[in-house]
Amino acid sequence: MTDATFIPADRPFVRAAMLAPEPPPAAVAGFSGWARANLFSGPFNTLLTLVCAAGAAYVAWVLVDFMALRAVWTGANREACVAPGTGACWPFITARFGQLLYGFYPADQHWRPAAVFFVAVALIAPLLIPSAPHKKLNALLFFVAFPIFAFVMLRGGLFGLRPVETRAWGGLLVTLVVATTGIVASLPLGVLLALGRRSKLPLIRFLSIAFIEFWRGVPLITVLFFATYMLPLFLPSGWTIDGLLRALVGVALFSAAYMAEVVRGGLQAIPKGQYEGAQALGLRYWPMMLLIVLPQALKLVIPGIVNTFIGLFKDTTLVAIVSIFDFLGIIRAGFADPNWATPVTVYTGFAFAGVVYFIFCYGMSRYSRFVEERLDTGHKR
Amino acid sequence: MAESVVDAEDLAKADQVRISNETAVEIIGMSKWYGEFNVLKDINLRVRRGERIVICGPSGSGKSTMIRCINRLEEFQKGQIIVEGTELTNDLKKIDEIRRDVGMCFQHFNLFPHLTILENCTLAPIWVRKMPKKDAEELAMHYLKRVRIPDQAKKYPGQLSGGQQQRVAIARALCMKPKIMLFDEPTSALDPEMVKEVLDTMVGLANDGMTMLCVTHEMGFARQVANRVIFMDAGQIVEMNEPNAFFANPQHERTKLFLSQILH
Ligand SMILES: Nc1ncnc2c1ncn2[C@@H]1O[C@H](COP(=O)(O)OP(=O)(O)O)[C@@H](O)[C@H]1O
Ligand SMILES: [Mg+2]
Chain A
0 MTDATFIPAD RPFVRAAMLA PEPPPAAVAG FSGWARANLF SGPFNTLLTL VCAAGAAYVA
60 WVLVDFMALR AVWTGANREA CVAPGTGACW PFITARFGQL LYGFYPADQH WRPAAVFFVA
120 VALIAPLLIP SAPHKKLNAL LFFVAFPIFA FVMLRGGLFG LRPVETRAWG GLLVTLVVAT
180 TGIVASLPLG VLLALGRRSK LPLIRFLSIA FIEFWRGVPL ITVLFFATYM LPLFLPSGWT
240 IDGLLRALVG VALFSAAYMA EVVRGGLQAI PKGQYEGAQA LGLRYWPMML LIVLPQALKL
300 VIPGIVNTFI GLFKDTTLVA IVSIFDFLGI IRAGFADPNW ATPVTVYTGF AFAGVVYFIF
360 CYGMSRYSRF VEERLDTGHK R
Chain B
0 MAESVVDAED LAKADQVRIS NETAVEIIGM SKWYGEFNVL KDINLRVRRG ERIVICGPSG
60 SGKSTMIRCI NRLEEFQKGQ IIVEGTELTN DLKKIDEIRR DVGMCFQHFN LFPHLTILEN
120 CTLAPIWVRK MPKKDAEELA MHYLKRVRIP DQAKKYPGQL SGGQQQRVAI ARALCMKPKI
180 MLFDEPTSAL DPEMVKEVLD TMVGLANDGM TMLCVTHEMG FARQVANRVI FMDAGQIVEM
240 NEPNAFFANP QHERTKLFLS QILH
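Line order of the protein sequences matches chains A and B.
Mapping of the first sequence onto numbering that gives the first Met the number 0: position 135 corresponds to residue 134, and the numbering continues sequentially without gaps.
Mapping of the second sequence onto numbering that gives the first Met the number 0: position 144 corresponds to residue 143, and the numbering continues sequentially without gaps.
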């Protein structure tokens, strides 16, 4: 370091040379600097750090101990897992794996949902990776062609595919079908409802408010019960609507109402100047909304949107109460199997369910962070 | 573009050729209310093509409201506004038509922060004028060169200084090839060292014969560029004159008071 410039208090001062920027002092850089500043600054914080670390280590130990160290990995039936002190009984999961994925979908037809699953991954992955090319074609394939493909493949009845009733669908297949349709349908619906709620036209505003408040006002369980057991009473005799479809529509509309309020929060945060800037350039309502207002509003509420998605993903478990066996439902159905009745079966099942749901939900959460950082365009004021 | 400052005399000479007798904007007996509050009272103003008008007046006197009525960012309740021969009504088609002819720059720039500088400039040509993307980009680069920031085209507004942002806003408006430009205090949100670069850009525009209505308190700019200066107070046009006479010899008491306050 050069010697410090002496600035006299009693005489005029003119700087002789401008200073060049220097790297930060060692203490604040690197991991040790970070740890000292954030974890061990003072006795209280040090104590807090140690207590939390001990707590985290204990929980991690319990999980690893149950799920790995004491776990049983192979076996043909309950005999493998009845010894006292056994941990997770993984053969219970592996033996029923096909059912966990596909429910009661006929075993010789499992290739169909498997194909749908692989096509879905092949279409979603490049859609989520910003640098992947042909986004428009990709989106068109996923949002238009894929649903038709998936429907025909899963449902069958066309092209010589054996029809499989939706009642036979189950497991992760149903969870993903309900969650994906819910997610894909609720965002655009929610956006429309949010715009409607802020519309200048009283009728549109009234209808949007009524819709949002109705769906937010009733529990999802009520919606599902109503759709399953009461709707048929109102329909003309001979009319039936597929049970899974009813649940799908219920879940989608329900989340759309929540989504609408999240999006409205974002719309309210957009300054009036953005509207005026767009109008002064001659943009009409829809281009202004689609190109200027919504991109900014949605970006602001990504955490809220993903929050709703995650809530929706977990709420899909509620379809179990209208006799649809989603992923959690099919695991629980397995508990009743006398072949696998052991003291640890229930814990194993729920541990596995927890891990799978966590992977999906945490994945969404991480991806939303990634998107937020990517869309950040410089300094906020 | 102009090498910054242009001689006021040059402008005055050029004006005799340039200002036609054709009307660009005509405001006839226009009044506006916010609820019970009468913001604008019987505004009458005719702006000829190529004319440059500076509007000043105390805060809250209705300057912004008046020029925002011209491109229908605000509605008015009484009177008429005719822009380039089209009368403003509730007809959306006419509003679109007029907004295509009238560009506007705001105090706070109102750039779109999620779009790059280039995208800010090409947006309206592409979506309103239906111009092919390539042509729109060429046009945008042309105007970004004119405001002297072509090298910032790939950046986002948040990465630019205030003065640069306001120049982008001017370029963005120019990309729509407007016949009339409205400015609402374009320099009053800027740090002092950036005021000049924006004013220079506006002088360059004036020099090219653009019809301009500028709300500003930059009296140097008014002297140099304006054909007429308008003083507004309490929602009315209180005094209007050519700049030399306006500053040297204000007539109305309120004008005198206002000028004494801002000219120190
Ligand atoms: N949306 C509005 N609702 C009610 N009053 C308003 C609104 N906008 C402006 N005003 C009032 O109208 C008057 C004129 O405002 P404005 O045209 O912005 O003045 P200026 O630009 O001359 O400072 C002010 O008194 C202001 O408070
Ligand atoms: Mg104003």
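Just so it is clear, CB atoms sit at the ideal spot from N, CA and C, and this is done for glycine as well.
If you draw a straight line from the C-alpha of Pro270 of chain A to the C-alpha of Ala124 of chain A, how long is it?
The sequence position of residue 270 of chain A within the first sequence is 271, counting from 1. The sequence position of residue 124 of chain A within the first sequence is 125, counting from 1. So the two alpha carbons sit approximately 35 Å from each other.
Quick one: is Thr45 of chain A buried, meaning 16 or more other Cβ sit within 10 Å of its Cβ, or exposed?
Here residue 45 of chain A refers to the residue found at position 46 of the first sequence. By the neighbour-count rule (16 or more Cβ atoms within 10 Å), Thr45 of chain A is not buried but exposed.
Mapping DSSP to helix, strand and coil, what is Val4 of chain B?
What you label residue 4 of chain B is simply residue 5 of the second sequence in a count that begins at 1. With a pLDDT of 47 at Val4 of chain B, under the threshold of 50, the modelled position of that residue is not reliable, and no figure is offered here.
Could you pull the DSSP bridge partners for Gln79 of chain B from this structure?
Taking the second sequence and counting its residues from 1, the one referred to as residue 79 of chain B is at position 80. Answer is B:Ile27.
Contact set for Arg48 of chain B: own chain, Cβ-Cβ below 6 Å, skip 5 residues either direction
Position 49 of the second sequence holds residue 48 of chain B. Only Ser19, Glu21, Ala23, Thr210 meet the Cβ criterion.
Given this structure, state the Cα-to-Cα distance separating Thr179 of chain A from Leu247 of chain A, to the nearest angstrom.
Within the first sequence, numbered from 1, the residue matching residue 179 of chain A stands at position 180. Within the first sequence, numbered from 1, the residue matching residue 247 of chain A stands at position 248. Going by the C-alpha atoms only, they are around 10 Å apart.
Proximal chain B residues relative to Leu282 of chain A, where beta-carbon distance stays under 7 Å:
If you number the first sequence from 1, residue 282 of chain A lands on position 283. Within 7 Å Cβ-Cβ: Ala123, Trp126, Val127.
The beta strand (DSSP E) spanning Glu238 of chain B covers which residue range?
The residue given as residue 238 of chain B occupies position 239 in the second sequence. It spans 235-240 - the beta strand (DSSP E) in which Glu238 of chain B sits, taken as one unbroken run.
If you reduce the DSSP assignment to three classes, tell me which class Met66 of chain A lands in.
Residue numbering aside, residue 66 of chain A sits at position 67 when the first sequence is read from its first letter. Looking at Met66 of chain A - three-state DSSP - the assignment turns out to be helix.
Answer yes or no: does any C-beta atom of chain A fall closer than 8 Å to that of Tyr155 of chain B?
Taking the second sequence and counting its residues from 1, the one referred to as residue 155 of chain B is at position 156. Taking Cβ atoms only, chain A reaches closer than 8 Å to Tyr155 of chain B, which makes this a yes.
Using the beta-carbon count (16 or more within 10 Å), is Tyr57 of chain A buried or exposed?
Counted from its first residue, the first sequence places residue 57 of chain A at position 58. Answer is exposed; the Cβ neighbour count stays below 16.
Give every residue of the same chain whose Cβ lies closer than 7 Å to the Cβ of Gly84 of chain B, excluding the five residues on either side of it in the sequence, and list them in chain order.
Here residue 84 of chain B refers to the residue found at position 85 of the second sequence. Excluding positions up to five away in sequence, the list is empty.
Pull every residue with its beta-carbon under 5 Å away from any heavy atom of ligand 1, and keep them in chain order.
B:Tyr33, B:Val38, B:Ser58, B:Gly59, B:Ser60, B:Gly61, B:Lys62, B:Ser63, B:Thr64
Can you name the start and end residues of the alpha helix (DSSP H) that Thr64 of chain B belongs to?
Against the second sequence, residue 64 of chain B aligns to sequence position 65. 62-69 is the span of the alpha helix (DSSP H), which, as asked, contains Thr64 of chain B.
Chain B beta carbons: is any one of them nearer than 8 Å to that of Met0 of chain A?
For this step, residue 0 of chain A is matched to residue 1 along the first sequence. In this prediction, Met0 of chain A scores a pLDDT of 46, lower than 50, which makes its location untrustworthy; no coordinate-derived value is stated.
Taking only the alpha-carbon atoms, compute the straight-line gap between Ala268 of chain A and Ala296 of chain A and give it to the nearest angstrom.
For this step, residue 268 of chain A is matched to residue 269 along the first sequence. For this step, residue 296 of chain A is matched to residue 297 along the first sequence. Each residue's Cα considered, the two are about 7 Å apart.
Below-8 Å beta-carbon distance, Leu290 of chain A vs any chain B residue:
Reading the first sequence from its first residue, position 291 is the one you call residue 290 of chain A. Yes, contact with chain B.
Below 8 Å between beta carbons: does that hold for Gly169 of chain A and Ile329 of chain A?
For the purposes of this step, residue 169 of chain A is identified with residue 170 of the first sequence, where counting begins at 1. For the purposes of this step, residue 329 of chain A is identified with residue 330 of the first sequence, where counting begins at 1. Going by C-beta atoms, Gly169 of chain A is nearer than 8 Å to Ile329 of chain A.
As assigned by DSSP and simplified to three states, the class of Glu252 of chain B:
Here residue 252 of chain B corresponds to residue number 253 of the second sequence, with the count starting at 1. In the structure shown, Glu252 of chain B sits in a helix (DSSP, three-state: H, G or I).
How many Å lie between Lys154 of chain B and Val115 of chain A at the Cα?
Within the second sequence, residue 154 of chain B is the residue found at index 155, counting from 1. Within the first sequence, residue 115 of chain A is the residue found at index 116, counting from 1. One C-alpha to the other measures close to 41 Å.
Using a Cβ-Cβ cutoff of less than 7 Å, which residues in the same chain neighbour Ile6 of chain A once the five nearest sequence positions on both sides are dropped?
As a working note, residue 6 of chain A is residue 7 in the first sequence. So the list reads Phe12, once near-sequence residues are dropped.
With a cut-off of 8 Å, does the C-beta of Glu2 of chain B fall near any C-beta of chain A?
The residue labelled residue 2 of chain B in the question sits at position 3 within the second sequence. Because the pLDDT at Glu2 of chain B is just 42, under 50, the model does not fix this residue reliably, and the value given afterwards should be weighed accordingly. False, the Cβ-Cβ gap to chain A never drops below 8 Å.
Once DSSP output is grouped into helix, strand and coil, what is the label at Asn37 of chain B?
Here residue 37 of chain B corresponds to residue number 38 of the second sequence, with the count starting at 1. Asn37 of chain B falls in the strand class under three-state DSSP.
Glu275 of chain A: CB within 7 Å of a non-hydrogen atom of ligand 2
Locating residue 275 of chain A in the first sequence gives position 276, where the first residue counts as 1. Outside the cutoff, so no.
Quick check on the DSSP output: the alpha helix (DSSP H) that includes Val101 of chain B runs from which residue to which?
Translated into the one-based positions of the second sequence, residue 101 of chain B becomes position 102. Val101 of chain B -> not in any alpha helix (DSSP H); beta strand (DSSP E) instead, spanning 101-104.
Along the stretch 251-280 of chain A, where does the CB come closer than 7 Å to a CB of chain B? Name the residues.
Gly272, Gln273, Glu275, Gly276, Gln278, Ala279, Leu280
By a C-beta neighbour count over all protein chains shown, 10 Å radius and 16 as the cutoff for buried, is Asn243 of chain B buried or exposed?
Along the second sequence, one-based indexing puts residue 243 of chain B at 244. That one is exposed.
Give the interface partners of His107 of chain B over in chain A, defined as CB-CB distance under 7 Å, in chain order.
Residue mapping note: residue 107 of chain B aligns to position 108 of the second sequence, counting from 1. Within 7 Å Cβ-Cβ: Gly272.
Rounded to whole angstroms, how far is the Cβ of Met363 of chain A from the Cβ of Phe308 of chain A, which I believe are closer than 8 Å?
Indexing the first sequence from 1 puts residue 363 of chain A at position 364. Indexing the first sequence from 1 puts residue 308 of chain A at position 309. So it is a contact: roughly 6 Å between Cβ atoms.
Beta carbon of Thr165 of chain A, beta carbon of Asp241 of chain A: below 8 Å?
Translated into positions along the first sequence, residue 165 of chain A becomes position 166. Translated into positions along the first sequence, residue 241 of chain A becomes position 242. Contact flag set, yes.
Is any heavy atom in ligand 2 found nearer than 7 Å to the beta carbon of Glu50 of chain B?
Start at 1 with the first residue of the second sequence, and residue 50 of chain B comes out as number 51. No.
Asp183 of chain B: CB within 7 Å of a non-hydrogen atom of ligand 2
By one-based count along the second sequence, residue 183 of chain B stands at place 184. Under cutoff, so the answer is yes.
How far does the alpha helix (DSSP H) with Thr239 of chain A in it extend, from its first residue to its last?
One-based indexing of the first sequence puts residue 239 of chain A at position 240. Careful: Thr239 of chain A lies outside any alpha helix (DSSP H) and carries neither H nor E.
Given that a residue counts as buried once 16 or more other Cβ atoms are within 10 Å of its Cβ, and exposed if not, what is Ile69 of chain B?
For the purposes of this step, residue 69 of chain B is identified with residue 70 of the second sequence, where counting begins at 1. So Ile69 of chain B ends up on the buried side.
Could you list which residues in chain B have their beta carbon closer than 9 Å to that of Lys298 of chain A, in chain order?
Position 299 of the first sequence, counted from the first residue, corresponds to residue 298 of chain A. Under the 9 Å cutoff, chain B gives His113.
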